[in-house]
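Chains A and B supply the protein sequences, listed in that same order.
Take the first sequence: its letters are residues 15 to 189, numbered as in our numbering.
Take the second sequence: its letters are residues 4 to 153, numbered as in our numbering.
Glycine included, each C-beta is placed from N, C-alpha and C at the ideal position.
Here the structure comes first, spelled out in structure tokens, and everything after it is commentary.
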Amino acid sequence: MIFSFEIPLLLLLLVTAAGAILVKDLISAVLLLGSYSFFLALVWAWLGAVDVAFVEAVVGAGLGTVLFLLTLFGTAPKDTRLRRPPPSLVTLIVFPLLGVLLLFTANDLPEFGDPNSPASVHISPTYIEQSYQETHTLNVVTSVLMDYRSLDTMGETVVIFAAGIACALLLRRNA
Amino acid sequence: MIRPHDSIIVQTLGRFLIPVVQIFGLYVLFFGQYGPGGGFVGGVILGTGMILSVLIFGHDASRSQFVKNVLHGDGVGMLIYAGVGGLCMIGGGEFLNYANLEIPGLETASRRSLGIVLTQIGVAIDVAVTAVSIVFSLSAEEIMEDSING
Numbered sequence: 015m016i017f018s019f020e021i022p023l024l025l026l027l028l029v030t031a032a033g034a035i036l037v038k039d040l041i042s043a044v045l046l047l048g049s050y051s052f053f054l055a056l057v058w059a060w061l062g063a064v065d066v067a068f069v070e071a072v073v074g075a076g077l078g079t080v081l082f083l084l085t086l087f088g089t090a091p092k093d094t095r096l097r098r099p100p101p102s103l104v105t106l107i108v109f110p111l112l113g114v115l116l117l118f119t120a121n122d123l124p125e126f127g128d129p130n131s132p133a134s135v136h137i138s139p140t141y142i143e144q145s146y147q148e149t150h151t152l153n154v155v156t157s158v159l160m161d162y163r164s165l166d167t168m169g170e171t172v173v174i175f176a177a178g179i180a181c182a183l184l185l186r187r188n189a
Numbered sequence: 004m005i006r007p008h009d010s011i012i013v014q015t016l017g018r019f020l021i022p023v024v025q026i027f028g029l030y031v032l033f034f035g036q037y038g039p040g041g042g043f044v045g046g047v048i049l050g051t052g053m054i055l056s057v058l059i060f061g062h063d064a065s066r067s068q069f070v071k072n073v074l075h076g077d078g079v080g081m082l083i084y085a086g087v088g089g090l091c092m093i094g095g096g097e098f099l100n101y102a103n104l105e106i107p108g109l110e111t112a113s114r115r116s117l118g119i120v121l122t123q124i125g126v127a128i129d130v131a132v133t134a135v136s137i138v139f140s141l142s143a144e145e146i147m148e149d150s151i152n153g
């Protein structure tokens, strides 16, 4: 059951990611990146994180592609010509070693969905048991994000606001 | 400067799709109380709907006038979010402790639910306006002229 669509999905993810890096033309790279985001959204939905899948599909595949394309249309071809020097020896040695190290330590991660993992025994049971009585909100994720951790979410909102203001200040020269 | 799209297929589809996208954005925004969704995604979907209308009908179309007016709302979302926090302080509690919202006839849990809805709307407005604002910044007129001349 696991092998039915997990392996093809991850293969498509790898192929689109590699394609986005290796392709010669920047516009093709942007479109490949958009399809990569779609496959990544499928992976999130398959892992049960439907919220994240939503955001990945809308922001990664929709908004990100539009922003990249608008930026490409605003630049001259000489600014975006690709120069790819061959990878240096250090890159060829260090990055495979890093990958092996990460794979080696991945053994110690808790099982997916393990109820006894450190992340799910600390405060999550309290949220799951009491959030409906305390906030009358059925979605535990929403009540954690917007009520228990509201100050964090406000910080994120400030970051988005600041990003919009900074873009306007830098790019709109006479408006 | 974005010009209107030439194709009648794109224009007709856009005329049908954009209201659907907007209604879906509002649905996702308020469905965040019950399931996957919420202020951030809802706001992004609302913003993308407006961006789609600008991309299809161009900067100067009468449909894009509303989107241009939306740009003046930069900061309203933050104001709503922080304002709810301030109202909680006025009610005698901590910043963003919705249980202290001074609304008669509501028990504590319902007040917190209302606070969640209000802050979600704040996040959605902030995200939507920011998305539209970044697209307008990137497609500003002088940048496009540079690329045509150079």
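Own chain residues within Cβ distance below 7 Å of residue i, not counting five before or after
{"i": "alanine 34 of chain A", "result": "Ala43, Leu46, Leu47, Tyr50"}
{"i": "glycine 153 of chain B", "result": "At glycine 153 of chain B the pLDDT is 41, less than 50, meaning the model places this residue with poor confidence; the figure from the coordinates comes in the next sentence. Answer for glycine 153 of chain B: no residue qualifies."}
{"i": "leucine 185 of chain A", "result": "none"}
{"i": "leucine 58 of chain B", "result": "Ile5"}
{"i": "isoleucine 21 of chain B", "result": "Gly52, Leu55, Ser56"}
{"i": "serine 150 of chain B", "result": "Confidence at serine 150 of chain B is low in this model, with a pLDDT of 48, below 50, so its placement is unreliable and no value can be given for it."}
{"i": "valine 155 of chain A", "result": "Asp65"}
Min CB distance residue i to chain B below 8 Å
{"i": "glutamine 144 of chain A", "result": "no"}
{"i": "isoleucine 174 of chain A", "result": "yes"}
{"i": "glycine 113 of chain A", "result": "no"}
{"i": "arginine 95 of chain A", "result": "no"}
{"i": "valine 72 of chain A", "result": "yes"}
{"i": "leucine 40 of chain A", "result": "no"}
{"i": "alanine 182 of chain A", "result": "yes"}
{"i": "threonine 171 of chain A", "result": "yes"}
{"i": "serine 164 of chain A", "result": "yes"}
{"i": "serine 157 of chain A", "result": "yes"}
{"i": "glycine 78 of chain A", "result": "no"}
{"i": "threonine 151 of chain A", "result": "yes"}
{"i": "threonine 167 of chain A", "result": "yes"}
{"i": "aspartate 65 of chain A", "result": "yes"}
{"i": "valine 69 of chain A", "result": "yes"}
Interface flag, residue i vs chain A, CB-CB below 8 Å
{"i": "serine 116 of chain B", "result": "yes"}
{"i": "glutamine 14 of chain B", "result": "no"}
{"i": "valine 130 of chain B", "result": "yes"}
{"i": "serine 142 of chain B", "result": "yes"}
{"i": "aspartate 77 of chain B", "result": "yes"}
{"i": "serine 67 of chain B", "result": "no"}
{"i": "isoleucine 146 of chain B", "result": "Its pLDDT being 49, under 50, isoleucine 146 of chain B is placed unreliably in this model, and the value from its coordinates should be taken loosely. Answer yes: the Cβ-Cβ gap between isoleucine 146 of chain B and chain A drops below 8 Å somewhere."}
{"i": "isoleucine 137 of chain B", "result": "yes"}
{"i": "glutamine 25 of chain B", "result": "no"}
{"i": "valine 70 of chain B", "result": "no"}
{"i": "isoleucine 93 of chain B", "result": "no"}
{"i": "alanine 134 of chain B", "result": "yes"}
{"i": "valine 73 of chain B", "result": "no"}
{"i": "alanine 85 of chain B", "result": "yes"}
{"i": "serine 113 of chain B", "result": "yes"}
Element boundaries [alpha helix (DSSP H), containing residue i]
{"i": "alanine 90 of chain A", "result": "Here alanine 90 of chain A belongs to no alpha helix (DSSP H), and DSSP marks it neither H nor E."}
{"i": "tyrosine 50 of chain A", "result": "40-60"}
{"i": "glycine 45 of chain B", "result": "42-60"}
{"i": "valine 24 of chain B", "result": "11-34"}
{"i": "tyrosine 146 of chain A", "result": "138-149"}
{"i": "glycine 88 of chain B", "result": "79-93"}
{"i": "glutamate 170 of chain A", "result": "164-185"}
{"i": "proline 129 of chain A", "result": "Careful: proline 129 of chain A lies outside any alpha helix (DSSP H) and carries neither H nor E."}
{"i": "aspartate 129 of chain B", "result": "111-141"}
{"i": "arginine 66 of chain B", "result": "66-73"}
{"i": "glutamate 97 of chain B", "result": "Unbroken run through glutamate 97 of chain B: none, as it is neither H nor E."}
{"i": "glutamate 191 of chain A", "result": "Given a span of 15 to 189 for chain A in the structure shown, any question on residue 191 of chain A remains unanswerable."}
{"i": "isoleucine 107 of chain A", "result": "103-119"}
Within-8 Å CB hit, residue i to chain C
{"i": "alanine 127 of chain B", "result": "Going by chain labels, chain C is absent from the structure shown, which instead holds the protein chains A and B."}
Residue i and residue j closer than 8 Å at C-beta
{"i": "alanine 71 of chain A", "j": "serine 140 of chain B", "result": "no"}
{"i": "phenylalanine 52 of chain A", "j": "alanine 75 of chain A", "result": "yes"}
{"i": "asparagine 153 of chain A", "j": "glycine 35 of chain B", "result": "yes"}
{"i": "leucine 32 of chain B", "j": "alanine 127 of chain B", "result": "yes"}
{"i": "valine 24 of chain B", "j": "isoleucine 48 of chain B", "result": "yes"}
{"i": "methionine 168 of chain A", "j": "tyrosine 84 of chain B", "result": "yes"}
{"i": "isoleucine 124 of chain B", "j": "glycine 42 of chain B", "result": "yes"}
{"i": "leucine 82 of chain B", "j": "valine 135 of chain B", "result": "no"}
{"i": "leucine 36 of chain A", "j": "leucine 86 of chain A", "result": "no"}
{"i": "valine 57 of chain A", "j": "leucine 27 of chain A", "result": "yes"}
{"i": "glycine 80 of chain B", "j": "threonine 171 of chain A", "result": "yes"}
{"i": "aspartate 63 of chain B", "j": "isoleucine 174 of chain A", "result": "no"}
{"i": "leucine 109 of chain B", "j": "glycine 118 of chain B", "result": "no"}
{"i": "serine 131 of chain A", "j": "proline 124 of chain A", "result": "yes"}
{"i": "serine 116 of chain B", "j": "histidine 150 of chain A", "result": "yes"}
Cβ separation of residue i and residue j, assumed to be a contact under 8 Å, to the nearest whole Å
{"i": "leucine 115 of chain A", "j": "valine 138 of chain B", "result": "That belief does not hold up - the Cβ atoms of leucine 115 of chain A and valine 138 of chain B are roughly 41 Å apart, past 8 Å."}
{"i": "tyrosine 146 of chain A", "j": "valine 158 of chain A", "result": "With 8 Å as the limit, tyrosine 146 of chain A and valine 158 of chain A do not qualify as a contact, their Cβ atoms being about 12 Å apart."}
{"i": "lysine 38 of chain A", "j": "leucine 111 of chain A", "result": "Not really, about 29 Å apart at Cβ, beyond 8 Å."}
8 Å Cβ shell around residue i - same chain, five flanking residues per side excluded
{"i": "threonine 105 of chain A", "result": "none"}
{"i": "phenylalanine 60 of chain B", "result": "Pro7, His8, Gln14, Gly17, Arg66, Ser67"}
{"i": "threonine 154 of chain B", "result": "Look at the range of chain B in this structure, 4 to 153, and you will see that residue 154 of chain B is not part of it."}
Own chain residues within Cβ distance below 6 Å of residue i, not counting five before or after
{"i": "glycine 40 of chain B", "result": "Val31, Phe34"}
{"i": "leucine 54 of chain A", "result": "Glu70"}
{"i": "isoleucine 146 of chain B", "result": "Low confidence applies to isoleucine 146 of chain B: its pLDDT is 49, below 50, so where it sits in the model is not reliable enough to give any reading."}
heavy atom of the ligand NAD below 7 Å from residue i C-beta
{"i": "valine 69 of chain A", "result": "With respect to small molecules bound, the structure shown includes none, and the ligand NAD cannot be examined in it."}
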